[in-house]
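Engineer:
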Amino acid sequence: MATSMSISASFVTGGAYSRRSPPSLSFRPATVAVAARFRTMAAAELTADEGTKKKKQPRQSGIMKPRRLSPELQELVGAAEMARTEVIKAVWAYIKGNNLQDPEKKRIIVCDGKLKKVFDGKDRVDFLEVSRLLNPHFLK
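Start counting the sequence shown at 222; every next residue gets the next number (my numbering).
Written out as structure tokens, the structure reads:
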């Protein structure tokens with residue numbers, strides 16, 4: 222068994238295995254030179270492309286696309302159009318800012334008047350339901 226350990230250790234480290242000293246990790250100079258040449262070429266390509274290419278504007282689609290909001294949700298977040306991700310951030314900021322989480326079960330949200338309008342009149346909502354309950358408030 223000891224022989225197989227020393228064989229596998231020498232295979233992994235690339236040299237003889239000694240119990241007294243840890244195996245050394247040395248890099249080959251050729252590998253370092255190739256990596257440096259690659260970085261230099263990549264930097265040259267970037268500087269050459271900067272003058273010719275225009276920066277692309279990121280397409281806003283899916284959850285990042287601003288959507289019109291229902292009047293109830295507009296009252297809660299304070300905007301007529303927002304992306305889904307921003308709405309969820311704003312709702313969570315409202316919940317945490319007004320201390321509306323159940324003190325014993327942080328998963329449960331205790332709804333106040335504004336949240337009841339948005340969350341179908343429910344008194345208590347689990348945090349996993351928030352996204353589903355917000356869906357009808359995003360207008361097409």
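Beta carbons: idealized from backbone N, C-alpha and C, even for Gly. Quick caveat: nothing in here was measured; it's all calculated off a predicted structure.
1. How about residue 330 and residue 305: are their beta carbons less than 7 angstroms apart?
2. Below 7 angstroms between beta carbons: does that hold for residue 324 and residue 303?
3. To which residues does DSSP link residue 303 through a beta bridge?
4. Find out if the Cβ-Cβ distance for the pair residue 297, residue 339 is shorter than 7 angstroms.
5. Compare the Cα-Cα distances from residue 295 to each of 335, 343, 347 and report the closest residue.
6. Which word fits residue 355, buried or exposed, when buried means at least 16 other C-beta atoms lie within 10 angstroms of its C-beta?
7. Residues bridged to residue 359 by DSSP?
8. From this set, 293, 299, 361, which residue's C-alpha is nearest residue 342's C-alpha?
9. Roughly how many whole angstroms lie between the Cα atoms of residue 184 and residue 320?
10. Under DSSP, the alpha helix (DSSP H) around residue 336 begins and ends at which residues?
Structural biologist: Looking at the coordinates:
1. no
2. no
3. 288
4. yes
5. 335
6. buried
7. 290
8. 293
9. The displayed coordinates of the chain run from 222 to 361. Any statement about residue 184 would go beyond what the structure contains.
10. 334–339
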